[in-house]
Amino acid sequence: KEEIDLVILDLVLPGLKGDEILARMREMDPEVKVLITTGFGEEEPLEKVKRLGIEGVLSKPFHLPALLGAIGAVLSEETTVSH
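Residue numbering for the sequence shown is 1 to 83, as defined by full-length UniProt numbering.
Printed below as a string of structure tokens:
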């Protein structure tokens, strides 16, 4: 079985809720690292996923250097969760 290093998950997806997807992912692999992408005005779902355990949050819109920096921080185990 191949290991997944990182999942980049948007909080708002058509017909799906990011917190529900994250809960399912945690059931399958409690150790998977997750970087959340989110737009403005999504505080309630963001708080739910923080409670489920995430490694980072990246606010949209973002540029490629910000994405690469967040990925690097998560994979090197530096937290990027904003409070």
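Backbone N, C-alpha and C fix where the C-beta goes; we use that ideal spot for every residue, glycine too.
Taking 6 Å as the limit between beta carbons, can you name the residues of its chain near residue i, skipping five residues before and five after?
i, result
"residue 37", "10, 58, 60"
"residue 82", "Unreliable positioning characterises residue 82 in this predicted model, as indicated by a pLDDT of 48, which lies under 50. The coordinate reading is nonetheless provided below. Correct list, in chain order: 57."
"residue 4", "32"
Could you spell out where the alpha helix (DSSP H) holding residue i opens and where it closes?
i, result
"residue 65", "64-75"
Output the distance between the C-alpha atoms of residue i and residue j, rounded to the nearest integer angstrom.
i, j, result
"residue 47", "residue 28", "21 Å"
"residue 7", "residue 34", "5 Å"
"residue 32", "residue 14", "23 Å"
"residue 20", "residue 68", "26 Å"
"residue 2", "residue 51", "27 Å"
Sorted by chain position, which residues of the same chain lie with C-beta nearer than 7 Å to residue i's C-beta, five sequence neighbours on each side aside?
i, result
"residue 70", "35, 56, 58, 80"
Original post:
Could you give the uninterrupted runs of the alpha helix (DSSP H) lying entirely in the segment 2-59, keeping only those of 4 residues or more?
Top reply: DSSP runs (the alpha helix (DSSP H)) wholly in the segment 2-59: 18-28, 43-52.
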